[in-house]
């Protein structure tokens, strides 16, 4: 059973370009979470999605960032018009299906995508 | 608002020492607490998850304890090895929302041969 997969592992963009980060959850998992780790800072929650639904996006910057988890295919974190401050490691995690308020879910993490904005 | 603090921020020890890493959280109404390891430039490896009903979990040379009432968890590493060098992170689900993990800043551990 393959773990959570993220690609690309490393992504370099110039200021103003778009970045697309992909996350394939573990087989059978229907919940996806995105976290960001800025240099010298801790991990911060960005967004929680289920298939075709955004459940909690309270950690997403108001502009330029969007996320989706379509019925088919991976979850995508999209950053438009990237700036140098977007340079960070972006981690995706997934957890098994269950009630929205499942109390004991474990989140399984992918290897991360390291975004560098030049 | 849940906040997670880890001390010390950095630790350097000679090989073979037993050591303790600390994690504290402000809201004791947690469902679980998880310890992770992160190697430089790498992803996150889950080490131990303690459910709120448990007091401790063990895996090999690692032992994690949880005291909900005092808002503390400790990660004990026995007989440390250079391969244990990494950053250790603890995380708890956000109070009132157990889907969103709140993270400490981590303890950077160096075990010297």
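Residue numbers (the numbering used here), protein chains in the order written: chain A, 1 to 118; chain B, 1 to 113. Just so you know, even glycine gets a beta-carbon here, dropped at the ideal spot from N, CA and C.
Original post:
Buried or exposed: where does residue 50(B) fall if 16 or more other Cβ atoms within 10 Å of its Cβ makes it buried?
Top reply: As a working mapping, residue 50(B) is identified with position 50 in the second chain. Residue 50(B) comes out buried.
Subject >> residue 115(A) at chain B interface by Cβ criterion, 8 Å >> reply: Position 115 of the first chain, counted from the start, is the residue given in the question as residue 115(A). No, because no Cβ of chain B sits closer than 8 Å to the Cβ of residue 115(A).
Subject >> Below-8 Å beta-carbon distance, residue 16(B) vs any chain A residue >> reply: In the second chain, the residue the question calls residue 16(B) occupies position 16. Cβ-Cβ to chain A under 8 Å: no for residue 16(B).
Original post:
Is it the case that the Cβ atoms of residue 108(B) and residue 10(B) are separated by a distance below 8 Å?
Top reply: For the purposes of this step, residue 108(B) is identified with residue 108 of the second chain, where counting begins at 1. For the purposes of this step, residue 10(B) is identified with residue 10 of the second chain, where counting begins at 1. Going by C-beta atoms, residue 108(B) is nearer than 8 Å to residue 10(B).
Original post:
Expressed to the nearest angstrom, what Euclidean distance is found between the alpha-carbon atoms of residue 32(A) and residue 77(A)?
Top reply: Taking the first residue of the first chain as position 1, residue 32(A) is located at position 32. Taking the first residue of the first chain as position 1, residue 77(A) is located at position 77. Spanning the two alpha carbons is a distance of roughly 11 Å.
Original post:
Does the beta carbon of residue 107(A) sit closer than 8 Å to a beta carbon anywhere in chain B?
Top reply: Locating residue 107(A) in the first chain gives position 107, where the first residue counts as 1. Yes, contact with chain B.
**OP:** Kindly list, in the order they appear in chain B, the residues whose Cβ is closer than 8 Å to that of residue 48(A).
**Re:** One-based indexing of the first chain puts residue 48(A) at position 48. The contacting residues are 99, 100.
Original post:
What residues from the region 29-44 of chain B come within 9 Å of chain A, judged by C-beta to C-beta, listed N to C?
Top reply: 31, 32, 34, 36, 38, 41, 42, 43, 44
Subject >> N-terminal and C-terminal residue of the beta strand (DSSP E) that residue 5(A) is part of >> reply: Position 5 of the first chain, counting from 1, holds the residue named residue 5(A). Start and end: 5-7.
Subject >> Inter-residue spacing [alpha-carbon to alpha-carbon] between residue 86(A) and residue 117(A) >> reply: As a position in the first chain, residue 86(A) is number 86, starting the count at 1. As a position in the first chain, residue 117(A) is number 117, starting the count at 1. Cα-Cα distance, rounded: 7 Å.
Subject >> Interface partners of residue 110(A) on chain B, CB under 9 Å >> reply: Translated into the one-based positions of the first chain, residue 110(A) becomes position 110. Residues of chain B passing the Cβ test: 43, 44.
Original post:
In three-state DSSP terms, what is residue 82(B)?
Top reply: The count along the second chain starts at 1 and reaches residue 82(B) at position 82. In this structure, residue 82(B) counts as helix in the three-state DSSP scheme.
Subject >> Contact list for the region 66-100 of chain A against chain B, Cβ threshold 9 Å >> reply: 89, 91, 93, 95, 100
Subject >> Local Cβ density within 10 Å of residue 101(A), reported as buried at 16 or more and exposed below that >> reply: The sequence position of residue 101(A) within the first chain is 101, counting from 1. With a pLDDT of 45 at residue 101(A), under the threshold of 50, the predicted position of this residue should be treated as unreliable, and no value is reported.
Original post:
Closest Cβ-Cβ distance between residue 75(B) and chain A: below 8 Å?
Top reply: In the second chain, residue 75(B) corresponds to position 75, counting from 1. No - not a single Cβ of chain A is within 8 Å of the one on residue 75(B).
Subject >> beta strand (DSSP E) segments (min. 3 residues) lying fully within the region 16-94 of chain B >> reply: 19-25, 32-38, 44-51, 56-59, 62-67, 72-77, 86-94
Subject >> Distance, residue 71(B) Cα to residue 4(A) Cα >> reply: Position 4 of the first chain holds residue 4(A). Position 71 of the second chain holds residue 71(B). Looking at the two C-alpha atoms, the distance is approximately 31 Å.
**OP:** With residue 67(A) as the anchor, note down where its beta strand (DSSP E) starts and where it stops.
**Re:** Locating residue 67(A) in the first chain gives position 67, counting from the first residue. 65-68 is the extent of the beta strand (DSSP E) around residue 67(A).
Subject >> Supposed contact pair residue 48(B) and residue 62(B) - C-beta distance, whole angstroms, cut 8 Å >> reply: Walking along the second chain from the start, residue 62(B) turns up at place 62. Walking along the second chain from the start, residue 48(B) turns up at place 48. The pair is a contact, with the Cβ atoms about 6 Å apart (cut-off 8 Å).
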